[in-house]
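According to the numbering used here, the stretch in the first sequence is residues 1 to 458, in order.
To start, the structure itself, in structure tokens.
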Amino acid sequence: MFVISFLCAFVQDLLQDISDRDKKIQYLLQMGFPEDEAKMAIKRCGLDCSMSVLIDSIHASQSVGDEHEMKDKTSLERQKAKLMEDPKKRRKLYGGGAQGNPLVLDCSHEDPMRPPNPMVGFNLPSDPFRSAKRRIAIHATGPPFIYFEDMTRAPKGVWDTISRFLDDIKPELVESKFFSASTGKRGYLHNLPTDGRYPLPLSPKTIFDAFPQYEKWWPLWDPRLQLNCSRTGMVSPKHVKRISRTLAEDPGNPPAASVQKYVLGECRKWNLVWVGKNRVAPLEPDEMELLLGYPKHHTRGACTTERYKSLRNAFQVDTVAYHLSVLKKMYPNGLNVLSLFSGIGGAEVALHRLGVRMDTVVSVESSVVNRRILKSWWNETQTGRLIEIDSVKSLTDDRIRSLLRELGGFQLVIGGSPCNNLTGSNRRHRDGLEGEHSVLFDDYARIVCSVKLAMETM
DNA sequence: ACGACTATGATCGGATTG
DNA sequence: CAATCCGATCATAGTCGT
């Protein structure tokens, strides 16, 4: 222990006032890479490239080494390794079928991106005791607890990289339809315990729980029970009218199969609800707030387009709250939260709805609209302190250290970095973690690293 | 009238998965 | 094979100031 804290102090000293190159090497060392490989990677990739490129580069060179090692393995292991190369056989080997999917995550061999089917995460409120077992390295346990969110279906390798940045923890892959009337597949990478979770009460689970007034207009041939709040492109009123007109012009009841298919496709695509006979309409911002677990009018004040924009990037509160619920017993007197990419404050709303007291929240959010939304919600509901910062870039090591001195520590570091360059719906710049926006993940990792380091040496 | 700026509508693939 | 997806670009029509 003494050696570890001595090393940390040593590393911390080094982090102050040293060049970019040294800083990058230090981070790589902190992550457990040998120094010579770290230096070699910087030499190969250049100094200007991001941390994720460096890490990929090291792993690429390491995996070449692994293949050589393979020759020394037993024939059984070789056979297994060969099986793993074939996705179909691999699935069989690990029983990835719809039923009887074993909820066991052996992190040493698990491919982090094979989602459970159904995508229930480690456990569900309906069966909280049937929990996936997982191992987290000693140095990765909290506090600080970390909680990172992003979309599940990022390009290949992205989640592996994210895991490597964050202590090799595997993400919990969850579809929010198990928690609310909205669907959405997300990965939540965290080091929170998974026993003793409990859900928020009273969240609507179907469209008709949430909006009973629409049930009478809902045609039998529209089987949707839940909505997808993530789709953002606004539907033009013209297009909505076109859909309604197509329907009205069909004499049949129910309408012809081709009309049904077209209308249903559009409804799914644009997340439309039935507001009248043959009449569909997009969700109002208020309705999205309800589905995502926010108080009504949470985003009021911003103009409509801004509200949609903010809501589409927001946490599904019920899902996040289920994971965070374990904090309530751990910190009955409150905790300090570092909230990165806070958006409209999904994490804060989740903690509040759980009844977890927040002494201080340091919130980093670049959008002025979102900052205003969070601030006004905070002033209405909270007694603790809110410190707002406009950019992750300005949260330097020094600033983190001074905040920690003032607050005594962060018990939770939570956030979801931009997915613009990860999502399949981005046709032009699906550049992965290197993308213009998604590269901000580097700052999440940097800040987590810095907070842990500083707290270890406090 | 003019330019700068903002909001809107139409249009655009592709990797991944079951 | 079909279904999925936390988006971006471009042209064009408004809006605001001078």
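Glycine included, every Cβ here is placed at the ideal spot set by N, Cα and C.
Next item on the list: Report all residues from its chain with a CB closer than 6 Å to the CB of residue 198; omit the five preceding and five following residues, and keep chain order.
Entry: Here residue 198 is taken as the residue at index 198 of the first sequence, counted from 1. Excluding positions up to five away in sequence, the list reads 325.
Margin query: With a threshold of 8 Å, are at least 3 pairs of Cβ atoms found where one atom belongs to the region 259 to 279 and the other to the region 227 to 245?
Written below: With a cut-off of 8 Å, the region 227 to 245 and the region 259 to 279 count as touching, because enough Cβ pairs lie within range.
Next item on the list: Confirm the yes/no value for this check: CB of residue 40, any heavy atom of the ligand GDP, distance under 8 Å.
Entry: Within the structure as shown, the ligand GDP is missing, as the structure has no ligands at all.
Item checked: Outcome for residue 470 when other beta-carbon atoms lying within 10 angstroms are tallied against a minimum of 16 -> What is shown of the chain runs 1 to 458, which leaves residue 470 out entirely.
Notebook entry, point to check: Considering only residues of the same chain and omitting the five flanking positions on each side of residue 191, which have a CB-CB separation below 8 Å?
Noted result: Counting from one through the first sequence, the residue named residue 191 turns up at place 191. The residues are 136, 140, 141, 142, 145, 146, 167, 169.
Next item on the list: Note down the Cα distance separating residue 354 from residue 383, rounded to an integer number of angstroms.
Entry: Translated into the one-based positions of the first sequence, residue 354 becomes position 354. Translated into the one-based positions of the first sequence, residue 383 becomes position 383. Distance between the alpha carbons of residue 354 and residue 383 is about 16 Å.
Next item on the list: Inspect the CB distances between the region 337 to 355 and the region 169 to 182 and report whether three or more fall short of 8 Å.
Entry: no
Next item on the list: Can you have a look at residue 122 and say buried or exposed, based on whether 16 or more other CB atoms are within 10 angstroms of its CB?
Entry: On the first sequence, residue 122 is found 122 positions in, with the first residue counted as 1. Residue 122 is buried by the Cβ-count criterion.
Notebook entry, point to check: For residue 281, which of helix, strand or coil comes out of DSSP?
Noted result: Sequence index remark: in the first sequence, residue 281 carries index 281 (1-based). Strand.
Margin query: Does the region 314 to 329 come into contact with the region 385 to 396, if we say contact requires no fewer than three beta-carbon pairs (one atom in each stretch) closer than 8 Å?
Written below: No contact exists between the region 314 to 329 and the region 385 to 396.
Item checked: In chain order, each alpha helix (DSSP H) run of at least 4 residues that lies wholly inside the region 286 to 336 -> Here the runs fully enclosed are 304 to 312, 317 to 324, 327 to 330.
Note to self: Report the CB separation of residue 126 from residue 184 in whole angstroms; it is logged as a contact under 8 Å.
What the structure shows: Position 126 of the first sequence, counted from the first residue, corresponds to residue 126. Position 184 of the first sequence, counted from the first residue, corresponds to residue 184. Not confirmed; about 19 Å, so no contact.
Next item on the list: List the endpoints of the continuous alpha helix (DSSP H) containing residue 188.
Entry: On the first sequence, residue 188 is found 188 positions in, with the first residue counted as 1. Run containing residue 188: none in the alpha helix (DSSP H); it sits in the beta strand (DSSP E), 185 to 190.
Check: What does DSSP give as the partner residues of residue 274 in its beta bridges?
Finding: Here the question's residue 274 lines up with position 274 in the first sequence. According to DSSP, which records beta bridges pairwise, residue 274 is partnered with 280.
Check: Roughly how many whole angstroms lie between the Cα atoms of residue 405 and residue 335?
Finding: By 1-based counting over the first sequence, the position of residue 405 is 405. By 1-based counting over the first sequence, the position of residue 335 is 335. Between residue 405 and residue 335, the C-alpha separation is close to 15 Å.
Item checked: Whole-angstrom distance between residue 344 and residue 297, CA atom to CA atom -> Within the first sequence, the letter at position 297 stands for residue 297. Within the first sequence, the letter at position 344 stands for residue 344. Between residue 297 and residue 344, the C-alpha separation is close to 12 Å.
Check: Taking just the CA atoms, how far does residue 441 sit from residue 35?
Finding: Looking up residue 35 in the first sequence gives position 35. Looking up residue 441 in the first sequence gives position 441. Their backbone Cα atoms lie some 23 Å apart in a straight line.
Check: Got a sec? Which residues, its chain only, sit under 8 Å from residue 302 by beta carbon, not counting five neighbours each side?
Finding: If you number the first sequence from 1, residue 302 lands on position 302. Answer for residue 302: 310, 369, 372, 373, listed in chain order.
Note to self: Quick check on residue 104: does DSSP put it in helix, strand or coil?
What the structure shows: Sequence index remark: in the first sequence, residue 104 carries index 104 (1-based). Because the pLDDT of residue 104 is 40, which lies under 50, any placement of that residue in the model is unreliable, and the number read from its coordinates should be weighed accordingly. In the structure shown, residue 104 sits in a strand (DSSP, three-state: E or B).
Note to self: Let's test the definition: count the other Cβ atoms within 10 Å of the Cβ of residue 216 and tell me whether it reaches 16, buried, or not, exposed.
What the structure shows: As a working note, residue 216 is residue 216 in the first sequence. Exposed.
Notebook entry, point to check: With burial defined as no fewer than 16 other Cβ atoms inside 10 Å of the residue's Cβ, what is the status of residue 351: buried or exposed?
Noted result: What you label residue 351 is simply residue 351 of the first sequence in a count that begins at 1. The residue in question, residue 351, is buried, as its Cβ has 16 or more Cβ neighbours within 10 Å.
Notebook entry, point to check: Distance, Cα to Cα, residue 416 vs residue 275?
Noted result: For the purposes of this step, residue 416 is taken as the residue at position 416 of the first sequence. For the purposes of this step, residue 275 is taken as the residue at position 275 of the first sequence. Their backbone Cα atoms lie some 34 Å apart in a straight line.
Notebook entry, point to check: Got a sec, what are the start and stop residues for the alpha helix (DSSP H) residue 206 sits in?
Noted result: Position 206 of the first sequence holds residue 206. Element bounds for residue 206: n/a, residue is neither H nor E.
Notebook entry, point to check: Thinking just about the alpha-carbon of each residue, which of 360, 402, 438, 453 is nearest to the one in residue 161?
Noted result: Indexing the first sequence from 1 puts residue 161 at position 161. Nearest C-alpha to residue 161: 438.
Notebook entry, point to check: Excluding sequence positions up to five away, which residues of its chain have a Cβ less than 6 Å from the Cβ of residue 347?
Noted result: By one-based count along the first sequence, residue 347 stands at place 347. If we look at residue 347 and ignore the five residues flanking it on each side, its Cβ neighbours are 339, 414.
Next item on the list: Closer than 7 Å by C-beta to residue 119: which residues in its own chain qualify, once you throw out the five before and the five after it? Chain order, please.
Entry: The residue given as residue 119 occupies position 119 in the first sequence. For residue 119, where only same-chain residues beyond five positions count, the Cβ hits under 7 Å are 173, 174, 175, 185.
Note to self: Tell me the residue span of the alpha helix (DSSP H) that contains residue 455.
What the structure shows: Within the first sequence, residue 455 is the residue found at index 455, counting from 1. Note, residue 455: alpha helix (DSSP H), 441 to 456.
Note to self: Report the start-end ranges of each alpha helix (DSSP H) in the region 213 to 256 that is 4 residues or longer and not cut off at the edges.
What the structure shows: 237 to 249
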